[in-house]
Amino acid sequence: EWGGRDESFERSVALVRHLVEIGKTVVLIGPLPAPHFNVPERWSRQQLRAGQAMESMTLSITSQRQQRVVHDGLLAALSSQITARQVVVMDPMARLCDAAGCRLIESGVSYFRDTAHLSQAGALLFTADFASALQALKN
Numbered sequence: 025e026w027g028g029r030d031e032s033f034e035r036s037v038a039l040v041r042h043l044v045e046i047g048k049t050v051v052l053i054g055p056l057p058a059p060h061f062n063v064p065e066r067w068s069r070q071q072l073r074a075g076q077a078m079e080s081m082t083l084s085i086t087s088q089r090q091q092r093v094v095h096d097g098l099l100a101a102l103s104s105q106i107t108a109r110q111v112v113v114m115d116p117m118a119r120l121c122d123a124a125g126c127r128l129i130e131s132g133v134s135y136f137r138d139t140a141h142l143s144q145a146g147a148l149l150f151t152a153d154f155a156s157a158l159q160a161l162k163n
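Taking my numbering, the leading residue of the sequence shown gets 25, the next gets one more, and so forth.
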């Protein structure tokens, strides 16, 4: 379990700080939920076993704890740059997850095309987030 800062973490923070120092605004995109399985494939198997269509599939929020620890660590390390609007944060987990879990499939639509990549429907969930981030870059 990751509980501190490793070399990759420190390099990421240093890169963002360097970009800010040379006058760039950085868009920091947080992690997606990490199911660690092929979502459409598992969904198909579960529907076959159940003998009926399944409209949704969620992932336990506790299984995503590690993702949040790393993300929250980055936010803490870059808090002054975020406050100064030099770093714009997009948080995909905030859009896909709540206290009950992370939505992988909703209303019969998969948000993932495999183990770690969004489907077109999943990507479209972030249209407003990207528009907001790009607007922040203009200001």
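Every residue gets a Cβ at the ideal spot worked out from N, C-alpha and C, and that includes glycine.
Among the options, whose alpha-carbon lies nearest the alpha-carbon of residue i?
{"i": "serine 156", "options": "Val111, Thr86 and His95", "result": "Val111"}
{"i": "aspartate 115", "options": "Tyr135, Gly75 and Val51", "result": "Val51"}
{"i": "lysine 162", "options": "Val93, Glu65, His42 and Arg109", "result": "Arg109"}
Give me the Cβ distance between residue i and residue j, rounded to the nearest whole Å; I'm assuming they're in contact under 8 Å.
{"i": "serine 80", "j": "isoleucine 129", "result": "5 Å"}
{"i": "leucine 56", "j": "leucine 149", "result": "Not confirmed; about 11 Å, so no contact."}
{"i": "alanine 77", "j": "glutamine 71", "result": "6 Å"}
Which one or two residues does DSSP pair with residue i in a beta bridge?
{"i": "serine 134", "result": "Ile129"}
{"i": "leucine 52", "result": "Val113"}
{"i": "leucine 142", "result": "Phe136"}
For a test of your reading of the model: does the CB of residue i fall under 8 Å from any non-hydrogen atom of the ligand FMN? Yes or no.
{"i": "serine 68", "result": "Questions concerning the ligand FMN fall outside what the structure shown contains, since it holds no ligand whatsoever."}
| request: Say whether the segment 58-68 touches the segment 101-114, bearing in mind that this needs 3 or more beta-carbon pairs closer than 8 Å, one atom from each stretch. | output: no
| request: Could you pull out every unbroken beta strand (DSSP E) segment of at least 3 residues lying fully inside the segment 64-132, listed in chain order? | output: 81-83, 111-114 and 125-130
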